[in-house]
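Participant: Structure below; questions to follow.
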Amino acid sequence: MANTSGGKDAIAWGALVGSVCVLKKRWTIRDLVDFEALLGRGDAVEVDDGVIRDSVKGLEGASARRAGMLAWLEERCRGGGYEGMGEVWASGRFVVGVLVVVFMFLAGVGVMTGLLDRERMGFNIPMVLGVAVGLQILVLVGAALVWLVRGRFTKGLGIVPKLLGWLVGKIGGAGKMEWWRVLRLEGGKGWEALGWNLVRLTQVGAVTFSVGLMAGLLGCIWFLEVGFFWESTTPEWMAARLHEVTGFLSFPWAGVWPEAVPSMGAVIAAQDGDKGAENGGVWYLFLFAAIFFWGLLPRLLLWGFAVMKERAAMGALDFQAKRHRELWREMMGTRRVDVSEAPVDGVLVLDVGGTGLKEESLRGFLLRRLRVNPGEWYEVGVWDEKGEEAARKSIRNAPAGVVFLAEGWALSPPRMAALHRQVRSLAGVDVMIYFLVANAGVNGGPVAPKAEEEGIWRDFVDGLADAGSEIYFYEDEYK
């Protein structure tokens, strides 16, 4: 009888790996570019409802949006008929990255070999330190200062994104880069992620420049007989200052690598350009270490920091722009019934302004359409002190959700925004807030709001930019 345990194990292992891959699926820059480019086209394409439902099951707020939007993107791309702007961006960035790496490496080699004094066949130590180490430190300090005061000079630095936009336009072709303009104007996490992605590219260039400096120095030492010297009209003062500078720069490795720390004797000997092995050895080791610790290593750390920040920004995409919320409502408007396995229990209903609508008349709509089960019910704006305190206590107890019940004609944006902020501060960022708009009919029961009222309410909720807030309009079919 054949042994099938190995095959079963392989199938089980494959299923496990597949599930892990699904769990680890996350947004990338390429996905973001594809998504914005597709959304900008505005053509309606049907996607598999089942895939969307499965992707958002058990999720709410920004997490549900990220999963649902990514599932929508994958379904759209799977359908074909799309040129793949994400692929264009990734390919263009790769080509630019290769060119930057090659250019910066050759630039580093050229700078170091250019610092060699051909007549004396030696390196002027202060000059090498100033160019190979000092300038890199100044660039880092300058970048840090620009980062700290970036908010004050946003308009002045606007030329940077414009230049990047021109470059991206050249990569992608004219008329195809609307997604770049939209992301730049809106800002947000998408633009932040793109920015950190470009920061990564600059740091890779800086790393290869330092590698080029070290390669140029190594090549001169291997293939030429070179020495290290310094000269000054005030030799005693210069020797003391050079010793202090080298002592400061060698602080990171002095305890574990003393051979790469020039002594005062080595500093004095270098004044005459001594090419002896003892003098030359300590200086080239010192220069290698200085370029690594003060040029290459900080750039590697910044590259890692940029990677971390880019992933954090991509993981915090909230899709709160108006076009995103419109797509989300289109995707989830009639499907929410199928998303949750059961209604969420214990939501707090706040009747804004006292609509007069009763819990019994809206319970069916709340259960079947919003998939929430009303718990406590309070009126907002007509509270007495006891009622207001009771409502605040209920909100602090972190209910399963909060429903704002309001009539379509009764929107006061400042008042409703203040109420939203108050509830959000009390309930926390993880609690869903549902805006339910329903007018009171002549018989006291709920009726659907007017179309113009729906548009005004949608714009208001979109303007809140709260991933944990959704708006629903009463529909007569749920009577």
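The numbers in the sequence shown follow my numbering, run straight up by one, and end at 1317. The C-beta atom is built at its ideal place from N, Cα and C for all residues, glycine as well.
1) Can you tell me the Cα-Cα spacing of LEU1138 and LEU978, whole angstroms?
2) Please classify ALA909: is it buried, with 16 or more other beta-carbons within 10 angstroms of its beta-carbon, or exposed?
3) So, with DSSP's three-state summary, where would you put ASP1176?
4) I'd like the span of the alpha helix (DSSP H) that includes PHE943, first residue to last.
5) Is any non-hydrogen atom of the ligand GDP found closer than 7 angstroms to the C-beta of ARG1167, if you look at the structure I gave you?
6) State the DSSP-derived secondary structure class of ASN1211, mapped to helix, strand or coil.
7) Does DSSP classify SER901 as helix, strand or coil?
8) Between which two residues does the alpha helix (DSSP H) harbouring GLU1197 extend?
9) Out of GLY1133, PHE932, ALA905, SER1088, which has the shortest C-alpha to C-alpha gap to VAL969?
10) Counting beta carbon pairs with one atom in the region 1296-1307 and one in the region 1150-1167, are three or more of them shorter than 8 angstroms?
11) Please classify ASN1281 as buried or exposed, where buried requires at least 16 other C-beta atoms within 10 Å of its C-beta.
12) Can VAL871 and MET923 be called in contact, C-beta distance under 8 angstroms?
13) On the CB-based measure, 16 or more other CB atoms within 10 Å of its CB, does PRO1251 come out buried or exposed?
14) Terminal residues of the continuous beta strand (DSSP E) containing GLY960?
15) From ARG931 to GLY972, what does the alpha carbon distance come to, in whole angstroms?
16) I'd like to check one pair, ASP1189 with LEU1243: are the Cβ atoms closer than 8 angstroms?
17) Alpha helix (DSSP H) containing LEU1134: first to last residue?
18) Between VAL949 and LEU1051, what straight-line distance do the alpha-carbon atoms span, to the nearest angstrom?
19) Looking at C-alpha atoms only, which residue of PRO1136, GLY1191, CYS1058 is the closest neighbour of ALA982?
20) Excluding the 5 residues flanking TYR1122 on each side, which residues of the same chain have their C-beta closer than 6 angstroms to its C-beta?
Facilitator: To lay it out plainly:
1) On the sequence shown, residue 1138 is found 300 positions in, with the first residue counted as 1. On the sequence shown, residue 978 is found 140 positions in, with the first residue counted as 1. LEU1138 and LEU978: Cα-Cα distance of roughly 13 angstroms.
2) On the sequence shown, residue 909 is found 71 positions in, with the first residue counted as 1. Burial check for ALA909: the Cβ neighbour count within 10 Å reaches 16 or more, so the residue is buried.
3) Mapped onto the sequence shown, residue 1176 falls at position 338. Note that ASP1176 has pLDDT 41, beneath the 50 cutoff, so the model's placement of it is unreliable and the number below is only indicative. Three-state DSSP puts ASP1176 in a helix.
4) On the sequence shown, residue 943 is found 105 positions in, with the first residue counted as 1. Residues 923-952.
5) This structure simply doesn't include the ligand GDP, nor any ligand for that matter.
6) If you number the sequence shown from 1, residue 1211 lands on position 373. Shown here, ASN1211 sits in a strand according to DSSP, grouped into three states.
7) To locate residue 901, count along the sequence shown from 1; it is residue 63. Of the three classes helix, strand and coil, the one that applies to SER901 here is helix, per DSSP.
8) By 1-based counting over the sequence shown, the position of residue 1197 is 359. Note, GLU1197: alpha helix (DSSP H), 1197-1203.
9) Position 131 of the sequence shown, counted from the start, is the residue given in the question as residue 969. Of GLY1133, PHE932, ALA905, SER1088, the residue nearest in Cα terms is GLY1133.
10) Three or more Cβ pairs drawn from the region 1150-1167 and the region 1296-1307 lie within less than 8 angstroms of each other, which places the two stretches in contact.
11) Taking the first residue of the sequence shown as position 1, residue 1281 is located at position 443. So ASN1281 ends up on the exposed side.
12) The sequence position of residue 871 within the sequence shown is 33, counting from 1. The sequence position of residue 923 within the sequence shown is 85, counting from 1. Going by C-beta atoms, VAL871 is nearer than 8 angstroms to MET923.
13) Numbered from its first residue, the sequence shown carries residue 1251 at position 413. Flag for PRO1251 reads exposed.
14) For this step, residue 960 is matched to residue 122 along the sequence shown. For GLY960, the enclosing beta strand (DSSP E) begins and ends at 960-962.
15) The count along the sequence shown starts at 1 and reaches residue 931 at position 93. The count along the sequence shown starts at 1 and reaches residue 972 at position 134. Per the coordinates, the alpha-carbon of ARG931 lies some 30 angstroms from the alpha-carbon of GLY972.
16) As a position in the sequence shown, residue 1243 is number 405, starting the count at 1. As a position in the sequence shown, residue 1189 is number 351, starting the count at 1. Going by C-beta atoms, LEU1243 is nearer than 8 angstroms to ASP1189.
17) Numbered from 1 along the sequence shown, position 296 holds the residue referred to as residue 1134. For LEU1134, no alpha helix (DSSP H) encloses it, and the DSSP letter there is neither H nor E.
18) Here residue 949 refers to the residue found at position 111 when the sequence shown is read from its first residue. Here residue 1051 refers to the residue found at position 213 when the sequence shown is read from its first residue. Here the C-alpha atom of VAL949 lies approximately 7 angstroms from the C-alpha atom of LEU1051.
19) Position 144 of the sequence shown, counted from the start, is the residue given in the question as residue 982. Proximity to ALA982 across PRO1136, GLY1191, CYS1058 peaks at PRO1136, based on C-alpha coordinates.
20) Taking the sequence shown and counting its residues from 1, one reaches residue 1122 at position 284. Same-chain partners within the cutoff: ILE1059.
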